[in-house]
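Residue numbers (the working numbering), protein chains in the order written: chain B, 1291 to 1660; chain V, 126 to 432. Ideal Cβ placement from N, Cα and C applies to all residues, glycine included. Keep in mind it's a predicted model, so treat the numbers as computed, not measured. A short write-up of the structure that comes next.
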Amino acid sequence: MNQRKLWDLLPRFTPILAVLLALLVGAIMLIALGTNPWIAYEALFVGAFGSTNALADTIVKATPLLFVGLGICIAFRGGVLNIGGEGQLVAGAVAATAVALAVPTLPGWLIILVSLFAGMLAGGIWGGLAGFLKAQFHVNEILSTIMLNYIAVFGMNYLLRGPMMDPLQAKLGSFIPQTARLPRAADLPRLIPTRLHLGAAIAVVLAVAVYILLWRTTIGFRIRTVGKNMRAALGAGINVKGYMVLSLLLAGALAGLGGAVEVLGLHHRMFTDGSAFGFTGSAGFNGIVAALFGQLHPIGTIPASFLLGALLTGANKMQRVVQIPSALFGALNGLIVLLVVGSEIIRRRQARRIDREPKAVKMASKVKDE
Amino acid sequence: MIGSILIGILSSGIRLATPYLYASIGETFGQLSGVLNLGVDGIMLMGAYAAFFTVVKTGNLALGLMAAMVTGALLGLLMAFISVTMKAEQGISGIGLYLFGLGMSELLFKKTLGAVQTVNGFPALHIPGLSRIPVLGQIFFQHNLLVYIAFALVPLAWFVLNKTPFGLRLRAVGQNPQAADSLGINVNRMRYGTVILGGLLSGVAGASLSIALLNVFQQNLTNGMGFIAVALVYFGGWRPRGLLIGALLFSMVNALQLWVQVRGINIPSDFALMMPYVITILVLAAMAKRRVHAPAALNVPFERGES
């Protein structure tokens, strides 16, 4: 009986176990590369939590992951896969920058508001477009979101090398593809005297809002019904196509807002290295990791983003101390995803067994695949 | 003048189709059996690294190619285990595999080789006779071995998929695994086989970049080519001929872009670069009308006794 209980609890802890296992694999790799894993992991820990500044940087790093991750929660619960976080971040950031630069004379709070809204809108359009293509033309959203990522990046490159380029760059002849600095009045307020800005707080509030949306409103119930059982949703007269579009639109809007927050809170201008990575740092992908790690629950995604933010921030420190490229943690993030989705089967089997138990307890003991 | 420029662009366009062809042909086999492997880009990066590392250390091109194939096949095995045996959501596990390959190849490259260097890759093979034909010879018959093999794989894949019992069984597994199972086809073995084959070819796709076309390795060398290869499978409607058209579309634009870049011509080339992606979306949207459908069981794990 006791054993049975432990087994029942296992699925709740699979993300934690996945991280521990990934760190173990990381340790083995560190040893193979001739580095003492204790020293490396100590540097990681200190780099992520060792000082107020380190902790602030961790939260700053976690913020875009949380924005994207919240969107992923909605999309995945709604039965659509959003791989477009990168493009939606970029679209939101470019739109927010363009708006903030266009209205420099407005009061700061108003610039911030319209600029954040523009980012949300652009991201929402970018995500909603994939939803529309799926609903109207059956275009697989995995593919369309990936294609839209590239389209957003090329659009950004065009704008930053052309119409939106800092006039100063053209004057100096250096032609660095970046915009002018946004009006200082539009900087998101700092929470404490570090790099930590209001964006983190916005993200946490939104996490609660997404929870309420998904589990306490009719719209959320319908989104989840479409995701869980499309036939049942159709049978119940739910506008399945509409809700697919809505899920992707909301996911895009959250990521777009995340991009806008990155600009207003952290960079204060838009820049490109030619790829999405330069601006997003792969937050569009790592946000998926965060959401999965948070078991696709918006509240769970908060600590999950924090932990991933810590890994990414600590990895930079570790790179300096033991000369192990921070790419190690990119690889480990991938491993975490594989372990988490690979172990889903345990949870599903349990869910099925629990479904069966009330019907005939006897049957449960006979189920073969335990 | 214009003629020689055109020949140059077309010839390099043919060459650049190579990685797309290997990766998307491999992916087609996997998808026809019902497995979507979204991790192609990660496998390509690992294959590119393995080949490059081997060639730097041994100077042996065949060994390098073999290293890429083994690496790709092993990662394919991993993907097959997670999506077939563990029945995981394939889109997400593919992203996991991508992130893993992206990080791992960069880590290994920086720790084992470090500085950017070049290798002597597969040399151009001028086909006797044919390469002497004016214009056509220059465009089609002065490439390296991996380019020829990639193009030869297109009709070969068509033949295997359409004219052999294996191809028929493969489609059955992807369209209706329950029926295939009842006919005694081992669904899971079929899926393992095709996903491993897909991984192997993705490894070769990576090697074609690092030891035949570019002859360098750097972090994120593929820059998302693997994702495009996956999209090309849909674009081509799961048919080798369609893959060929799609691969050439992307590679020709790449070639054009490369030419513009080398010349330092300052035109907003971003829109040209954007075009293949826009066209891909439009083609995918148009396919709904053409009634080209994905394998019915694509992305659906197989469970015996369920229907």
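Here's the rule I'm using: 16 or more other beta-carbon atoms within 10 Å means buried, otherwise exposed. How should residue i be labelled?
i                 : result
lysine 182(V)     : exposed
alanine 187(V)    : exposed
glutamine 1613(B) : exposed
glutamate 152(V)  : buried
threonine 243(V)  : exposed
histidine 418(V)  : exposed
alanine 1650(B)   : Bear in mind that the predicted position of alanine 1650(B) carries a pLDDT of just 39, short of 50, making it unreliable; the figure below should be weighed with that in mind. Exposed, because fewer than 16 other Cβ atoms sit within 10 Å of the Cβ of alanine 1650(B).
arginine 1506(B)  : exposed
valine 260(V)     : exposed
lysine 1658(B)    : In this predicted model, lysine 1658(B) has a pLDDT of only 36, less than 50, meaning its place in the structure is not dependable enough to derive any value.
glutamate 1552(B) : buried
glutamine 215(V)  : buried
glutamate 231(V)  : buried
leucine 1597(B)   : buried
alanine 1499(B)   : exposed
proline 280(V)    : exposed
Between which residues of its own chain and residue i is the CB-CB distance below 6 Å, once the five residues before and five after are set aside?
i                  : result
isoleucine 1578(B) : Ile1362
glycine 1413(B)    : Gln1378, Ala1381, Gly1382, Gly1542, Ala1543, Ala1545 and Gly1546
leucine 146(V)     : Ala275 and Ala372
isoleucine 130(V)  : none
leucine 141(V)     : Ser376, Asn379 and Ala380
arginine 1512(B)   : Ile1528 and Tyr1533
alanine 1493(B)    : Thr1353, Leu1356 and Phe1357
alanine 1312(B)    : Leu1622, Leu1625 and Ile1626
glycine 1584(B)    : Gly1590, Thr1591 and Ala1594
glycine 189(V)     : Ala176, Thr179, Val180 and Ile336
asparagine 313(V)  : Val209
Going by DSSP, name the residue or residues bridged to residue i.
i                     : result
phenylalanine 1561(B) : Gln1468(B)
histidine 1487(B)     : Arg1480(B)
histidine 1428(B)     : Answer is none; histidine 1428(B) lacks a bridge partner.
histidine 251(V)      : Gln267(V)
threonine 243(V)      : Val341(V)
Following the continuous alpha helix (DSSP H) through residue i, name the residue where it begins and the one where it ends.
i                    : result
glutamine 1613(B)    : Here glutamine 1613(B) belongs to no alpha helix (DSSP H), and DSSP marks it neither H nor E.
alanine 193(V)       : 186-205
threonine 1515(B)    : 1508-1518
threonine 289(V)     : It is not in any alpha helix (DSSP H) - threonine 289(V) carries neither H nor E in the DSSP assignment.
valine 1336(B)       : 1327-1339
lysine 212(V)        : Counting along the chain, lysine 212(V) falls outside any alpha helix (DSSP H), and DSSP gives it neither H nor E.
methionine 1455(B)   : Looking at the DSSP string, methionine 1455(B) is not in any alpha helix (DSSP H), and its letter there is neither H nor E.
glycine 1369(B)      : No alpha helix (DSSP H) holds glycine 1369(B); DSSP gives it neither H nor E.
tryptophan 384(V)    : 365-388
phenylalanine 178(V) : 165-183
valine 1380(B)       : 1375-1392
threonine 1395(B)    : No alpha helix (DSSP H) contains threonine 1395(B), which DSSP labels as neither H nor E.
isoleucine 1528(B)   : Careful: isoleucine 1528(B) lies outside any alpha helix (DSSP H) and carries neither H nor E.
arginine 314(V)      : 312-333
threonine 143(V)     : 127-157
List the endpoints of the continuous beta strand (DSSP E) containing residue i.
i                 : result
asparagine 269(V) : 267-269
Ignore the nearest five residues each way along the sequence and tell me which others in residue i's own chain have a CB closer than 8 Å to its CB.
i                 : result
alanine 421(V)    : Gly299, Gln300 and Asn301
leucine 135(V)    : Ile264, Met377 and Ala380
proline 1615(B)   : Gln1609
tryptophan 283(V) : Arg364, Pro365 and Arg366
proline 1648(B)   : In this predicted model, proline 1648(B) has a pLDDT of only 44, less than 50, meaning its place in the structure is not dependable enough to derive any value.
Please list, in chain order, all residues of the same chain as residue i whose beta carbon is under 7 Å from its beta carbon, the five residues on each side excluded.
i                    : result
leucine 1486(B)      : Ala1346, Ile1349, Val1350 and Arg1480
glycine 1604(B)      : Leu1334, Phe1335, Gly1337 and Ala1338
leucine 1538(B)      : Ala1365, Val1370, Asn1372, Gly1417, Gly1418, Ala1420, Gly1421 and Glu1431
leucine 233(V)       : Tyr174
glycine 367(V)       : Phe360 and Gly361
glycine 1510(B)      : Leu1503 and Leu1504
glutamine 343(V)     : Val241
phenylalanine 383(V) : According to the sequence shown, residue 383(V) is leucine rather than phenylalanine. Closer than 7 Å at the Cβ level, and outside the excluded window around leucine 383(V), lie Ser137.
valine 408(V)        : Phe360
| Hey, is the region 248-257 of chain V in contact with the region 267-284 of chain V, meaning 3+ C-beta pairs nearer than 8 Å? | yes
| request: Determine contact between the region 308-320 of chain V and the region 194-210 of chain V, defined as no fewer than three beta-carbon pairs at a distance below 8 Å. | output: yes
| request: Inspect the CB distances between the region 1542-1556 of chain B and the region 1370-1390 of chain B and report whether three or more fall short of 8 Å. | output: yes
| field | the region 1472-1479 of chain B in contact with the region 1385-1397 of chain B per 3-pair CB rule at 8 Å | value | yes
| Taking three-plus beta-carbon pairs below 8 Å as touching, is the region 1509-1521 of chain B in contact with the region 1440-1452 of chain B? | no
| message | Check whether the region 1624-1635 of chain B and the region 222-237 of chain V touch, using three or more Cβ-Cβ pairs below 8 Å as the test. | response | yes
| message | Pairs of beta-carbons, one from the region 321-335 of chain V and one from the region 343-357 of chain V, closer than 8 Å: are there three or more? | response | yes
| said: Can you confirm whether the region 395-409 of chain V touches the region 153-169 of chain V when touching is taken to mean that 3 or more C-beta pairs between the two stretches lie within less than 8 Å? | reply: no
| Is the region 1561-1571 of chain B touching the region 1395-1404 of chain B in the sense that three or more CB pairs, one from each, lie closer than 8 Å? | no
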